[in-house]
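Q: Using the working numbering, you'd call the opening residue of the sequence shown number 5 and step up by one each time.
Using N, Cα and C, we set each Cβ at its ideal position, and we do this for glycine too.
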Amino acid sequence: MFKSITLGQYYQTDSLLHRLDPRTKVVMTLGYIISLFLIRSFTGYVVAGALLAVAVALSHVPFRFIWRGMRGILVLLLITVIFNLFLTPGTPVVKFWKLQITIEGIVFASKMAIRLIFLIICSTLMTLTTTPNQLTDALESLGRPLTKIHVPVHEIAMMMSIALRFIPILAEETDKIQKAQMARGADFESGSLVARVKALVPLLVPLFISAFRRANDLAMAMEARCYRGGEGRTKMKPLVYAGRDYSAYLLFAGYFVLVIGMRTLRMLV
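As structure tokens, then:
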């Protein structure tokens with residue numbers, strides 16, 4: 005279960021997406037997420053899906069590896085679909101007791117599921133093709149104007165990148181602790197809901213202890229290397245835009261204009 009988490013991992017390979025400037029990938033990911041909330045028709049989702057498919061192909065990351073990360077949100081996806089199916093008013097299709105499934109509910113639940121799946125895949129793709137150091141540099145560079153109003157951009161970017169980096173580490177640690185507890189006779193899958201919650205205590209306690217220990221080790225390592233962030237800090241690999249970045253921006257701008265045009269046309273019609 006925990007090995008299926010791919011968010012925060014980096015997939016080492018040579019591809020066009022890996023060679024893009026991390027700022028380009030962050031901006032395009034945020035823009036893509038915004039576009040998903042602007043789309044109102046299935047045609048728009050087809051266009052968004054086509055762009056995402058091109059990005060996956062250019063990344064050289066196996067799709068089964070990306071899809072593996074979807075297992076962690078299946079419960080959230082199922083809950084979202086069920087709530088939208090039964091709580092959206094409209095023309096009833098199936099009705100039993102006080103609950104009913106409407107045509108509008110089916111359409112809205114389908115759109116919500118597609119939106120959530122695309123959002124997770126594009127976010128996972130960014131972390132798979134961007135190292136934590138590159139992500140930190142990109143977030144710091146993009147947020148530099150906020151330093152004018154005394155926002156600690158570097159510290160915030162560092163915390164976000166470390167948090168992403170710790171996701172797969174803690175997932176692997178959780179898997180090891182769970183197997184160790186099961187070898188000692190712990191049962192996490194049977195019994196009532198209350199019993200299952202109580203069974204998680206032997207799992208969560210050592211996990212929190214391990215997380216705090218890792219955080220302390222990381223802080224000591226940074227202090228031992230005289231790490232100081234913020235103003236005046238130089239970089240070994242400065243971020244420089246290349247021609248491929250401008251081409252990617254141009255392609256994405258065309259996609260975004262198309263999405264806005266489709267939304268405007270739909271509102272006018």
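#1: Would you list the residues sitting across from Lys99 in a DSSP beta bridge?
#2: Comparing alpha-carbon positions, which option in Arg232, Thr140, Lys202 lies nearest Pro242?
#3: Using only CA atoms, which one of Thr95, Lys202, His22, Met32 lies nearest to Leu62?
#4: Using the C-alpha atoms, what's the distance from Pro210 back to Ile173?
#5: Could you please give the first and the last residue of the uninterrupted alpha helix (DSSP H) stretch that includes Met32?
#6: Restricting to Cα atoms, I'd like to know which of Val157, Tyr36, Ser194 is closest to Ala57.
#7: Val31 to Asp25, Cα distance in whole Å?
#8: Return the residue from the list Asn137, Ser127, Ile118 that minimises the CA-CA distance to Met240.
#9: Apart from the five residues on each side of it in sequence, which residues of its chain come closer than 6 Å, Cβ to Cβ, to Tyr15?
#10: Quick check: the region 122 to 129 against the region 67 to 82, are at least 3 beta-carbon pairs closer than 8 Å?
#11: How many angstroms separate the CA atom of Met4 from the CA atom of Gly189?
#12: Starting from Met164, trace the alpha helix (DSSP H) both ways and give me its first and last residue.
#13: Let me know if Met5 comes out buried or exposed under the rule of 16 or more other beta-carbons within 10 Å of its beta-carbon.
#14: Would a C-beta distance cut-off of 7 Å place Thr95 and Ile86 closer than the cut-off?
#15: According to DSSP, is Arg232 part of a helix, a strand, or is it coil?
A: The answer reads as follows:
#1: Within the sequence shown, residue 99 is the residue found at index 95, counting from 1. Answer by DSSP bridge pairing, in chain order: Gln104.
#2: For the purposes of this step, residue 242 is taken as residue 238 along the sequence shown, with counting starting at 1. Of the listed residues, the one whose Cα sits closest to Pro242 is Thr140.
#3: As a first step, residue 62 is located in the sequence shown; it is residue number 58 there, counting from the start. The shortest C-alpha separation from Leu62 is found at His22.
#4: The count along the sequence shown starts at 1 and reaches residue 173 at position 169. The count along the sequence shown starts at 1 and reaches residue 210 at position 206. Our two residues, Ile173 and Pro210, have alpha carbons roughly 14 Å apart in a direct line.
#5: Sequence index remark: in the sequence shown, residue 32 carries index 28 (1-based). Segment 26 to 42, the alpha helix (DSSP H) holding Met32.
#6: Translated into the one-based positions of the sequence shown, residue 57 becomes position 53. With respect to the C-alpha of Ala57, the residue from Val157, Tyr36, Ser194 having the closest C-alpha is Tyr36.
#7: Counted from its first residue, the sequence shown places residue 31 at position 27. Counted from its first residue, the sequence shown places residue 25 at position 21. It is roughly 10 Å from the alpha-carbon of Val31 to the alpha-carbon of Asp25.
#8: Along the sequence shown, read from residue 1 onward, the residue named residue 240 stands at position 236. Of the listed residues, the one whose Cα sits closest to Met240 is Asn137.
#9: Here the question's residue 15 lines up with position 11 in the sequence shown. So the qualifying residues of the chain are Val65, Leu132.
#10: The count of Cβ pairs closer than 8 Å, one atom from the region 67 to 82 and one from the region 122 to 129, reaches three, so the stretches are in contact.
#11: Outside the displayed range of the chain (5 to 273) lies residue 4, so it cannot be described from this structure.
#12: Here residue 164 corresponds to residue number 160 of the sequence shown, with the count starting at 1. DSSP places Met164 in the uninterrupted alpha helix (DSSP H) bounded by 157 to 187.
#13: Counting from 1 along the sequence shown, the entry for residue 5 is found at position 1. With a pLDDT of 47 at Met5, under the threshold of 50, the predicted position of this residue should be treated as unreliable, though the coordinate-derived value follows. Classification of Met5: exposed, given that the 10 Å Cβ count is below 16.
#14: Counting from one through the sequence shown, the residue named residue 95 turns up at place 91. Counting from one through the sequence shown, the residue named residue 86 turns up at place 82. No, they are not a contact pair.
#15: Locating residue 232 in the sequence shown gives position 228, counting from the first residue. In the structure shown, the three-state DSSP call for Arg232 is coil.
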